[in-house]
Amino acid sequence: MKTIQYILLGSLVLAGISCSKSQLRMDERETSFNVNYFTYSRYQLTTAIVDVAYQYGKGVIDEPIEEANLYFLECYNGGSQAATLYTNAAQNWDYQGTNPYTQQLRTLAAVTKLATEEDNMANVAAANILKCVVGAALTEKYGDIPFSEAMQGRTGDLFPKFDTQKEVYEQMFTLLDEAVSILSNSGSKGLPADHDVLFKGDRSKWIKFANSLKFRLMVHSYEAFKKAGKDLSSEMQAIASGNNYMSGVADNAGLEFSGVSERESWYLQTNWGTGNNFTEQKPSKYLIDQMTALDDPRMYVIFAPALSPISAKSTESSEDIKINGYTYNITYYPSTMYEPSEIIASGRDLNGAVISVPYPLDAKWVGTPNPINVQTQYASSTSLPGTNSFYDNRRITGLSRLIAGTGASESRLKGVIMEASEMAFLLAEARQKGWISAGTVKDHYENGIRLSFERWKIEDGTKPVTHIGSDKIVDNFAAYYAKPEVALDGSAADLDKIAIQKWLSMLMTNHTEAYTDYRRTGKPAFIGTIVKSFSTYEYPMRYLYPLDESSNNKEQYDAAVSAMGGKDLASVKMWILQ
Numbered sequence: 040m041k042t043i044q045y046i047l048l049g050s051l052v053l054a055g056i057s058c059s060k061s062q063l064r065m066d067e068r069e070t071s072f073n074v075n076y077f078t079y080s081r082y083q084l085t086t087a088i089v090d091v092a093y094q095y096g097k098g099v100i101d102e103p104i105e106e107a108n109l110y111f112l113e114c115y116n117g118g119s120q121a122a123t124l125y126t127n128a129a130q131n132w133d134y135q136g137t138n139p140y141t142q143q144l145r146t147l148a149a150v151t152k153l154a155t156e157e158d159n160m161a162n163v164a165a166a167n168i169l170k171c172v173v174g175a176a177l178t179e180k181y182g183d184i185p186f187s188e189a190m191q192g193r194t195g196d197l198f199p200k201f202d203t204q205k206e207v208y209e210q211m212f213t214l215l216d217e218a219v220s221i222l223s224n225s226g227s228k229g230l231p232a233d234h235d236v237l238f239k240g241d242r243s244k245w246i247k248f249a250n251s252l253k254f255r256l257m258v259h260s261y262e263a264f265k266k267a268g269k270d271l272s273s274e275m276q277a278i279a280s281g282n283n284y285m286s287g288v289a290d291n292a293g294l295e296f297s298g299v300s301e302r303e304s305w306y307l308q309t310n311w312g313t314g315n316n317f318t319e320q321k322p323s324k325y326l327i328d329q330m331t332a333l334d335d336p337r338m339y340v341i342f343a344p345a346l347s348p349i350s351a352k353s354t355e356s357s358e359d360i361k362i363n364g365y366t367y368n369i370t371y372y373p374s375t376m377y378e379p380s381e382i383i384a385s386g387r388d389l390n391g392a393v394i395s396v397p398y399p400l401d402a403k404w405v406g407t408p409n410p411i412n413v414q415t416q417y418a419s420s421t422s423l424p425g426t427n428s429f430y431d432n433r434r435i436t437g438l439s440r441l442i443a444g445t446g447a448s449e450s451r452l453k454g455v456i457m458e459a460s461e462m463a464f465l466l467a468e469a470r471q472k473g474w475i476s477a478g479t480v481k482d483h484y485e486n487g488i489r490l491s492f493e494r495w496k497i498e499d500g501t502k503p504v505t506h507i508g509s510d511k512i513v514d515n516f517a518a519y520y521a522k523p524e525v526a527l528d529g530s531a532a533d534l535d536k537i538a539i540q541k542w543l544s545m546l547m548t549n550h551t552e553a554y555t556d557y558r559r560t561g562k563p564a565f566i567g568t569i570v571k572s573f574s575t576y577e578y579p580m581r582y583l584y585p586l587d588e589s590s591n592n593k594e595q596y597d598a599a600v601s602a603m604g605g606k607d608l609a610s611v612k613m614w615i616l617q
């Protein structure tokens with residue numbers, strides 16, 4: 040499989056540059072970069088696809104965002120991780136662990152230059168789409184960012200201005216439109232299948248991706264543009280009625296993993312390393328409560344039951360249970376072994392009020408109620424057999440064995456950028472708000488749920504009495520849609536149901552987009568209410584600018600901070616959120 044292997048050409052060059060600062064002078068590094076980097080656009084395109092998708096997908100293990108979405112609360116933390124967005128400014132611009140201005144955007148600039156010289160304009164189109172992925176992630180993380188003048192250091196522009204968020208969006212719309220135009224031209228060259236590790240040279244899928252990404256960005260910014268005097272409805276309607284967008288699981292934009300090494304595997308794999316990433320992520324009580332109330336089939340795919348639950352049984356006992364083809368050994372510990380205070384934890388109600396949360400005896404699906412020392416909640420300790428030191432709590436539901444895989448030959452474990460289910464929910468929201476007239480809210484919404492189920496390989500059929508003992512997860516999709524908590528009724532509450540289902544659909548696929556969605560919609564409402572109750576801070580609306588900008592690009596940094604009111608704070612609402 041060539042999925043990750045081509046990462047080596049570009050990434051090793053970049054790694055060699057970044058790791059050799061003590062040995063090479065700047066001019067030597069630049070010479071090395073020129074010789075090795077500017078080769079053929081097809082090689083750099085492969086590197087760019089991998090670097091953009093791999094890093095974007097890492098949002099599923101971003102601790103502050105996991106908590107900000109109320110998906111996971113991490114073991115071995117003494118307080119709120121979401122609150123650290125108020126206090127921790129990174130040294131450099133952050134694109135899930137890399138500086139995009141020295142890595143992803145630099146590679147994409149090389150693709151554009153080389154491909155233009157080669158007249159491989161389809162490669163330019165793909166680079167433009169990927170540039171919008173990175174640009175959107177950055178502007179929705181920080182607000183105003185360098186974009187139009189970024190990557191022009193070779194021409195002497197070492198201190199790029201910060202474009203306003205409105206300007207960044209306008210530039211991205213143009214780049215995406217140009218990409219679709221190029222890719223629609225059968226005479227344009229480029230996108231060889233053996234170097235396109237995202238869509239194997241299928242231009243139709245790149246076009247659907249570009250249209251869907253533009254639609255996502257227009258939904259994000261619709262109200263801000265409307266206040267600024269521009270209505271995006273006609274452009275949104277053109278995409279919605281054209282039906283040339285992601286509409287099936289096969290259209291999903293996600294990087295496949297070869298699984299041959301740690302770097303080329305799914306983020307939560309346990310073949311290499313300590314396994315801490317896998318065991319320390321414990322679902323929040325608020326997520327598990329939603330999923331158990333719906334008896335949501337995704338729960339049985341993504342999660343494993345608590346492995347050391349507290350029980351009403353009088354003696355310790357064990358059993359093996361199978362769910363979705365994976366077998367788990369469950370050991371039950373009698374509640375009489377513990378003081379009553381040991382099996383109660385502090386939690387929140389949906390209004391953010393502090394409540395006591397007793398352990399639900401013999402429950403298989405148990406979420407953690409607060410982010411403080413998750414590893415010791417409910418009488419958990421490292422002495423429980425099988426516990427992964429301080430990075431675990433076997434009293435609480437964990438991730439399924441599926442999620443521990445490398446991703447090799449497993450379509451459910453990908454570095455996701457965007458999926459068809461998200462597009463369906465975007466269409467449902469836009470239709471409900473009257474921004475488009477194509478289709479019905481109900482159809483778009485139910486398509487979103489169906490596509491989410493299908494990407495997890497949940498089959499539509501006769502739902503069994505229990506999923507215990509199952510080799511695969513089967514549910515009656517129509518019956519799920521008809522549940523009172525799921526079914527739309529044409530009222531304003533439909534937006535809340537759309538938000539809940541979209542939130543569930545992005546679990547373990549796109550936590551970055553889920554974070555943006557909550558900030559712009561305030562839905563599901565309990566997320567912000569509960570998250571801010573975990574600390575003295577308000578819900579974080581953005582990341583702080585990197586420290587390097589305030590010292591090395593101070594004039595432009597000061598101008599950007601002045602434009603947001605004079606203070607670089609996590610509570611400041613960026614343009615699309617105002």
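Under the numbering used here, the first residue of the sequence shown is numbered 40, with each subsequent residue one higher. Glycine included, every Cβ here is placed at the ideal spot set by N, Cα and C.
(request) Locate the beta strand (DSSP E) running through residue 207, then write down its first and last residues. (result) For the purposes of this step, residue 207 is taken as the residue at position 168 of the sequence shown. Not the beta strand (DSSP E): residue 207 falls in the alpha helix (DSSP H), residues 204-223.
(request) Output the distance between the C-alpha atoms of residue 541 and residue 461, rounded to the nearest integer angstrom. (result) The count along the sequence shown starts at 1 and reaches residue 541 at position 502. The count along the sequence shown starts at 1 and reaches residue 461 at position 422. If I take the Cα positions, the gap works out to 7 Å.
(message) Our contact map puts residue 447 next to residue 296 with C-beta atoms below 8 Å; I'd like the distance itself, whole angstroms only.
(response) Translated into positions along the sequence shown, residue 447 becomes position 408. Translated into positions along the sequence shown, residue 296 becomes position 257. Indeed they touch by this definition, with Cβ atoms about 6 Å apart.
(request) Can you tell me which of the three DSSP states residue 366 falls into? (result) For the purposes of this step, residue 366 is taken as the residue at position 327 of the sequence shown. Strand at residue 366.
(message) Rounding to the nearest angstrom, what Cα-Cα distance links residue 609 and residue 574 in this structure?
(response) Residue numbering aside, residue 609 sits at position 570 when the sequence shown is read from its first letter. Residue numbering aside, residue 574 sits at position 535 when the sequence shown is read from its first letter. Answer to the nearest angstrom: the Cα atoms are 14 Å apart.
(request) Report the rounded CA-to-CA distance for residue 144 versus residue 524, giving the unit in angstroms. (result) The residue you call residue 144 lines up with position 105 of the sequence shown. The residue you call residue 524 lines up with position 485 of the sequence shown. The alpha-carbon atoms of residue 144 and residue 524 are separated by roughly 43 Å.
(request) Kindly indicate the opening and closing residues of the alpha helix (DSSP H) around residue 395. (result) Mapped onto the sequence shown, residue 395 falls at position 356. From DSSP, residue 395 is part of no alpha helix (DSSP H) but of the beta strand (DSSP E) over 393-397.
(message) Need the endpoints of the alpha helix (DSSP H) that residue 454 sits in, please.
(response) Within the sequence shown, numbered from 1, the residue matching residue 454 stands at position 415. Run containing residue 454: none in the alpha helix (DSSP H); it sits in the beta strand (DSSP E), 454-457.
(request) Within the same chain, show all residues whose beta-carbon is closer than 7 Å to that of residue 572, passing over the 5 residues directly before and after it, in chain order. (result) Within the sequence shown, the letter at position 533 stands for residue 572. Hits under 7 Å: 387 and 391.
(message) Let me check understanding here. Comparing Cα to Cα, which of 150, 83 and 426 lies closest to residue 346?
(response) Translated into positions along the sequence shown, residue 346 becomes position 307. The option with the nearest alpha carbon to residue 346 is 426.
(request) Would you mind stating whether residue 454 and residue 115 have Cβ atoms separated by less than 7 Å? (result) For the purposes of this step, residue 454 is taken as residue 415 along the sequence shown, with counting starting at 1. For the purposes of this step, residue 115 is taken as residue 76 along the sequence shown, with counting starting at 1. No, these two residues do not count as a Cβ contact at 7 Å.
(request) Work out the CA separation of residue 502 and residue 334 for me, nearest whole Å. (result) Here the question's residue 334 lines up with position 295 in the sequence shown. Here the question's residue 502 lines up with position 463 in the sequence shown. Going by the C-alpha atoms only, they are around 11 Å apart.
(request) Indicate whether the contact test is met: 3 or more Cβ pairs, each with one atom in the segment 373-385 and one in the segment 393-400, closer than 8 Å. (result) yes
(request) Check whether the Cβ atoms of residue 250 and residue 284 sit closer than 7 Å, and answer yes or no. (result) By 1-based counting over the sequence shown, the position of residue 250 is 211. By 1-based counting over the sequence shown, the position of residue 284 is 245. Result yes, Cβ atoms of residue 250 and residue 284 sit closer than 7 Å.
(request) State buried or exposed for residue 233, treating a residue as buried only when at least 16 other CB atoms are found within 10 Å of its CB. (result) Within the sequence shown, residue 233 is the residue found at index 194, counting from 1. It counts as exposed.
(message) Could you compute how far the alpha carbon of residue 414 sits from the alpha carbon of residue 431?
(response) If you number the sequence shown from 1, residue 414 lands on position 375. If you number the sequence shown from 1, residue 431 lands on position 392. Approximately 6 Å, taken between the alpha carbons.
(message) Here's the rule I'm using: 16 or more other beta-carbon atoms within 10 Å means buried, otherwise exposed. How should residue 312 be labelled?
(response) Taking the sequence shown and counting its residues from 1, one reaches residue 312 at position 273. Classification of residue 312: exposed, given that the 10 Å Cβ count is below 16.
(message) Considering only DSSP beta bridges, list what residue 269 is partnered with.
(response) To locate residue 269, count along the sequence shown from 1; it is residue 230. Bridge partners of residue 269: none, in fact.
(request) Following the continuous beta strand (DSSP E) through residue 606, name the residue where it begins and the one where it ends. (result) Position 567 of the sequence shown, counted from the first residue, corresponds to residue 606. Here residue 606 belongs to no beta strand (DSSP E), and DSSP marks it neither H nor E.
(request) In angstroms with no decimal places, state the Cα-to-Cα distance between residue 547 and residue 483. (result) Here residue 547 refers to the residue found at position 508 when the sequence shown is read from its first residue. Here residue 483 refers to the residue found at position 444 when the sequence shown is read from its first residue. Straight-line Cα distance between these residues: approximately 22 Å.
(request) Pull up the distance between the alpha-carbon of residue 268 and that of residue 101, whole angstroms please. (result) Here residue 268 corresponds to residue number 229 of the sequence shown, with the count starting at 1. Here residue 101 corresponds to residue number 62 of the sequence shown, with the count starting at 1. So the alpha carbons of these two residues sit roughly 36 Å apart.
(request) Report the three-state DSSP secondary structure of residue 596 (helix, strand or coil). (result) Locating residue 596 in the sequence shown gives position 557, counting from the first residue. Helix at residue 596.
(message) Bridge partners for residue 438 per DSSP, in chain order?
(response) Indexing the sequence shown from 1 puts residue 438 at position 399. Residue 438 pairs with 342.
(request) Examine the Cβ distances between the segment 176-186 and the segment 234-248 and report whether three or more of them are shorter than 8 Å. (result) no
(request) Give the DSSP-derived three-state secondary structure of residue 292 in the structure shown. (result) Position 253 of the sequence shown, counted from the first residue, corresponds to residue 292. Correct three-state label for residue 292: strand.
(message) What does the Cβ neighbour count give for residue 378, buried or exposed, with the cut at 16 atoms within 10 Å?
(response) Translated into positions along the sequence shown, residue 378 becomes position 339. Exposed, since its Cβ has fewer than 16 Cβ neighbours within 10 Å.
(message) If I follow the unbroken beta strand (DSSP E) through residue 387, where does it start and stop?
(response) Counting from 1 along the sequence shown, the entry for residue 387 is found at position 348. Its beta strand (DSSP E) spans residues 383-387.
(message) Per the DSSP calculation, residue 513 is bridged to which residue(s)?
(response) Taking the first residue of the sequence shown as position 1, residue 513 is located at position 474. According to DSSP, residue 513 bridges with 498.
(message) If distances are taken between C-alpha atoms only, which option among 536, 317, 229 and 562 comes closest to residue 160?
(response) On the sequence shown, residue 160 is found 121 positions in, with the first residue counted as 1. Selected option, being the one with the closest Cα: 229.
(message) Quick check on the burial criterion: 16 or more other C-beta atoms within 10 angstroms. Buried or exposed for residue 586?
(response) Counting from one through the sequence shown, the residue named residue 586 turns up at place 547. Its Cβ having fewer than 16 others within 10 Å, residue 586 is exposed.
(request) Measuring alpha carbon to alpha carbon, tell me which of 561, 549, 429 and 528 ends up nearest residue 538. (result) Here residue 538 refers to the residue found at position 499 when the sequence shown is read from its first residue. Taking only the C-alpha atoms, the option nearest residue 538 is 561.
(request) Take residue 136 as the anchor and find which of 528, 157, 223 and 99 has the nearest alpha-carbon. (result) Reading the sequence shown from its first residue, position 97 is the one you call residue 136. The shortest C-alpha separation from residue 136 is found at 99.
(request) Report back the beta-carbon spacing between residue 566 and residue 109 to the nearest angstrom; my notes put them in contact at under 8 Å. (result) One-based indexing of the sequence shown puts residue 566 at position 527. One-based indexing of the sequence shown puts residue 109 at position 70. Confirmed, about 5 Å.
(request) Would you mind working out which of 499, 363 and 348 sits nearest residue 440, comparing C-alpha positions? (result) Taking the first residue of the sequence shown as 1, we reach residue 440 at position 401. Answer by Cα proximity: 363.
(message) Taking the beta strand (DSSP E) that residue 112 belongs to, which residues open and close that run?
(response) For the purposes of this step, residue 112 is taken as the residue at position 73 of the sequence shown. Here the beta strand (DSSP E) through residue 112 covers 111-113.
(request) Indicate the three-state DSSP secondary structure (helix, strand or coil) for residue 120 in the structure shown. (result) Counted from its first residue, the sequence shown places residue 120 at position 81. Correct three-state label for residue 120: coil.
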